[in-house]
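Residue numbers (UniProt numbering): 1 to 169.
1) Could you tell me the distance, in whole angstroms, from the CA atom of residue 143 to the CA atom of residue 59?
2) Answer yes or no: do residue 49 and residue 135 have a C-beta to C-beta separation smaller than 7 angstroms?
3) Curious, which full-length beta strand (DSSP E) runs of at least 3 residues does the region 96 to 167 contain?
4) Give the single residue among 108, 90, 109 and 110 whose Cα lies nearest to the Cα of residue 101.
5) Just how far apart, CA to CA, sit residue 86 and residue 148?
6) Applying the 10 Å Cβ sphere with the 16-neighbour rule, what's the burial state of residue 98?
7) Do you know whose CA, among 163, 137, 43 and 130, lies nearest residue 64's CA?
8) How about residue 146 and residue 88: are their beta carbons less than 7 angstroms apart?
9) When the distance is taken between beta carbons, is residue 103 closer than 7 angstroms to residue 57?
10) Give me the DSSP bridge partner(s) of residue 92.
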């Protein structure tokens, strides 16, 4: 018994290769068309000084180059304390009228850098802001769920000195 064989026309292979090639080019063009919008802006709707251990409703407004509030964008931020290799990543929820919110609990005092990224369609905006956090170091049970800081990481001298105070012992 002989297996039945089908021969495909030679143009079929060429059509498949052409389809693959055009699809690859289209993907590259689409991905490469994301545009940084330097005319957009973010305004923090919160204080710039915070207390450790408090659940903070961190709010911000997003607007375009014509100062129109941007609705329906994707907003994310990384709260970073560079001196302790310490980060908290958050996704914001849209509340309406260009207002976005997330909840964050800071566990360590000092200067924090907030790196905000806003995306809408293929357009995006990035900026960073400085925040001051005051108060004692917060124990693990009271930290933000996204806070993966460990006291096994080397602490800066200023925090080591704080831990030596009688109030922390």
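A virtual CB, placed ideally from N, CA and C, is assigned to each residue, including glycine.
To lay it out plainly:
1) 19 angstroms
2) no
3) 99 to 105, 110 to 120 and 123 to 134
4) 90
5) 7 angstroms
6) buried
7) 43
8) yes
9) yes
10) BP columns for residue 92 are empty, so no partner.
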